[in-house]
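Participant: Numbering (the working numbering), first residue to last: 15 to 560. Before I ask anything, let me first share the structure, which is written out below as structure tokens.
Structure, rendered in structure tokens:
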């Protein structure tokens, strides 16, 4: 629409001069006084060549021929038409594309390389420039992996009563406190490489479509003409599309080959497997895309994918990672140090009173839990944690090892790790709604006690109260062991409420506990005397309940 309005406006402005010029040509055989005003001549064939005009008179024929041989177009009309043609090629007006085309032209003129070498060299130069950013990203991600177990979960656990905004605020506050890098580092390399790749492919495609000087003979081997697209399902025309799809598939396999995400049996591992399957299937659309792009762009694409394969293989080499200051991928992480430890051997007595040794790897999860509790009673906490981790590897949905591990970590003073283990247990118990079985209710009460106590020891009373109020909102259980745990949880809740000044609510819960067990009357008297923390160590008595 803009171009049509521009044409009409110009025609209105130039109508009178043009009409005068044509009339002067018809009436006068002499040229205009200023011939420089007319620069372009259109020479038509003589009138006699058109046999269908033979019925006209001789005067008409000669007059027509005179006009056709002498008709001229003003130079301003020619310049304006060139401007319209430039406007119609909209991609040339994009500044990044123009700048990159100019840069490639300068590099081509400076080196004198053929265009295919110039394009491949540009891909190599870009990879070299971005490599320091890739190394920095890997270092940041390693730091995140080391510190992530010490952070609270980013999403509120089910039935925790905590809002999403409060949980995210807590997560961000804790992340800053321990110096954990931003999670935007996961997107750092992607946000740089993808725009640069698209810019190069688009710019070289523009050069190919515009028949850039030298592109028609700037290739080699089977791709002599860089302006053409790949043709043919078999033969040399399918080499570039097949290479693009194959290199993409190889890059995906290398990236996931030593990744620990695929070995995770939880939700994260499941998502990683789906994502890898999606990337594998993506190779098929890329194969067909290769037939729709000029060969100049395909040269850059294949070079870039080949360099990606080399980079990924290099970054998995131990010596190279050591020189770059990156950790060895095969070394155990802080999170998985118990998983990598050798499983101990247990000595048992059979019915014939003979001793025999059994490897811990051969034990069932329940047997591993029992042995770990026995080791914990002997203050062998490290071996107990190792066995509990082994039990979780065998059965990731087993809740009791998570709770016992959380209790051990509380005793060791590893409160952040203890909270993570206990909140994982709470999430599993509440995944399908509030538990109804007596055993699950008991486990939820004990896990909530442990998480609340761990937060209280970190002086995070608000977070601890959230877990303990879950117990206060429950109905009094009927099962004796569960009921004892329930009132112990009410005592912890009243202690936390006293510490934040909510003494009336604390007294209410203490009276309920004192009605169940008169021994709690002493704690009620302490609360009335403003002695804030009377929670004591209720966690040690829970070891034998499993």
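Ideal placement from N, C-alpha and C gives every residue a C-beta, glycine not left out. As the structure is a prediction and not an experimental result, all values here were calculated from the model.
Less than 8 Å separating the beta-carbons of residue 439 and residue 416?
Facilitator: Closer than 8 Å, so yes.
Participant: Is the separation between the beta-carbon of residue 241 and that of residue 304 shorter than 8 Å?
Facilitator: Cβ atoms of residue 241 and residue 304: not closer than 8 Å.
Participant: Just to check my reading of the structure: residue 418 and residue 383 have Cβ atoms closer than 8 Å, yes? What is that Cβ distance to the nearest angstrom?
Facilitator: Yes, residue 418 and residue 383 are in contact; Cβ-Cβ is about 7 Å, under 8 Å.
Participant: Please name the residue or residues paired with residue 241 in a DSSP beta bridge.
Facilitator: In DSSP, residue 241 forms no bridge with anything.
Participant: Do residue 454 and residue 495 have their C-beta atoms within less than 8 Å of each other?
Facilitator: No, they are not a contact pair.
Participant: What does residue 308 pair with, by DSSP beta-bridge criteria?
Facilitator: Note: residue 308 sits in a beta bridge opposite 243.
Participant: With a floor of 4 residues, list each alpha helix (DSSP H) that falls wholly inside the stretch 422 to 466, ordered by position along the chain.
Facilitator: With a minimum length of 4 residues, the continuous alpha helix (DSSP H) runs that stay inside the stretch 422 to 466 are 429 to 443.
Participant: How many whole angstroms separate the CB atoms of residue 308 and residue 222, which I take to be in contact at a CB cut-off of 8 Å?
Facilitator: Residue 308 to residue 222, Cβ: 4 Å. Contact.
Participant: If you compare alpha carbons, which of 491, 492, 472, 500 is closest to residue 482?
Facilitator: Ranking the options by Cα distance to residue 482, first place goes to 500.
Participant: Between 394, 202, 218, 152, which lies nearest to residue 137 when the distance is taken from Cα to Cα?
Facilitator: It is 218 whose Cα lies nearest to the Cα of residue 137.
Participant: What residue range is occupied by the uninterrupted alpha helix (DSSP H) comprising residue 122?
Facilitator: Here the alpha helix (DSSP H) through residue 122 covers 109 to 125.
Participant: Is it the case that the Cβ atoms of residue 441 and residue 420 are separated by a distance below 8 Å?
Facilitator: Contact flag unset, no.
Participant: Would you tell me roughly how many angstroms separate the C-alpha atoms of residue 318 and residue 177, rounded to the nearest one?
Facilitator: So the alpha carbons of these two residues sit roughly 45 Å apart.
Participant: Are the stretch 137 to 155 and the stretch 198 to 214 in contact at 8 Å, needing three or more beta carbon pairs?
Facilitator: Touching, yes, given that three or more Cβ pairs across the two stretches are closer than 8 Å.
Participant: Quick check: what's the CA-CA separation for residue 189 versus residue 312?
Facilitator: Approximately 43 Å, taken between the alpha carbons.
Participant: Considering residue 221, what are the terminal residues of the alpha helix (DSSP H) in which it resides?
Facilitator: Residues 202 to 223.
Participant: Short check: CB of residue 158 to CB of residue 128, under 8 Å?
Facilitator: Against a cut-off of 8 Å, the Cβ pair of residue 128 and residue 158 comes out as no contact.
Participant: Near residue 225, what residues of its chain come up, given a Cβ to Cβ distance below 8 Å and the 5 sequence neighbours on each side ignored?
Facilitator: Result list for residue 225: 241, in chain order.
Participant: When burial is assigned at 16 or more other CB atoms within 10 Å of the CB, is residue 254 buried or exposed?
Facilitator: By the 10 Å Cβ count, residue 254 comes out buried.
Participant: Considering only DSSP beta bridges, list what residue 234 is partnered with.
Facilitator: Looking at the DSSP assignment, residue 234 forms a beta bridge with 237.
Participant: Residue range of the alpha helix (DSSP H) that residue 402 falls in?
Facilitator: Start and end: 395 to 408.
Participant: Taking all protein chains shown into account, do 16 or more other C-beta atoms lie within 10 angstroms of the C-beta of residue 169, making it buried, or fewer, making it exposed?
Facilitator: Counting Cβ neighbours within 10 Å, residue 169 comes out exposed, since fewer than 16 surround it.
Participant: Alpha carbons only, please: which of 403, 467, 521, 407 is nearest the one belonging to residue 427?
Facilitator: With distances taken between Cα atoms, residue 427 lies closest to 467.
Participant: Less than 8 Å between the CB atoms is what I'm expecting for residue 300 and residue 262, so what's the real figure, rounded?
Facilitator: With a Cβ gap of about 6 Å, residue 300 and residue 262 count as contacting.
Participant: Using a Cβ-Cβ cutoff of less than 6 Å, which residues in the same chain neighbour residue 208 once the five nearest sequence positions on both sides are dropped?
Facilitator: Once the five neighbours on either side are set aside, residue 208 has no close Cβ partner at all.
Participant: Under 6 Å Cβ to Cβ from residue 161, same chain only, skipping five residues before and after it: list those, please.
Facilitator: For residue 161, where only same-chain residues beyond five positions count, the Cβ hits under 6 Å are 192, 194.
Participant: Start and end of the alpha helix (DSSP H) containing residue 129?
Facilitator: Note, residue 129: alpha helix (DSSP H), 129 to 161.
Participant: Tell me the DSSP secondary structure of residue 516 in three-state form.
Facilitator: In this structure, residue 516 counts as coil in the three-state DSSP scheme.
Participant: So what does DSSP say about residue 330, is it helix, strand or coil?
Facilitator: Residue 330: coil per DSSP, three-state reduction.
Participant: With DSSP collapsed to three states, give me the class of residue 294.
Facilitator: Residue 294 falls in the helix class under three-state DSSP.
Participant: Measure the alpha-carbon distance for residue 291 versus residue 264 and round it to whole angstroms.
Facilitator: Looking at the two C-alpha atoms, the distance is approximately 13 Å.
Participant: Under 8 Å Cβ to Cβ from residue 334, same chain only, skipping five residues before and after it: list those, please.
Facilitator: The answer, listed in chain order, is 328.
Participant: When the Cα atoms are used, what is the spatial distance from residue 306 to residue 411?
Facilitator: Their Cα atoms are separated by approximately 49 Å.
Participant: Taking the beta carbon of residue 464 as the centre, do at least 16 other beta carbons fall within 10 Å, making it buried, or is it exposed?
Facilitator: Buried is the call here.
Participant: Assuming residue 220 and residue 111 are in contact, meaning their beta carbons sit under 8 Å apart, how far apart are those beta carbons, in whole angstroms?
Facilitator: The Cβ separation is near 6 Å, so the contact holds.
Participant: Looking only at its chain, what residues have a beta carbon closer than 6 Å to the beta carbon of residue 459, apart from the 5 residues adjacent to it on each side?
Facilitator: Result list for residue 459: 485, 499, 500, 503, in chain order.
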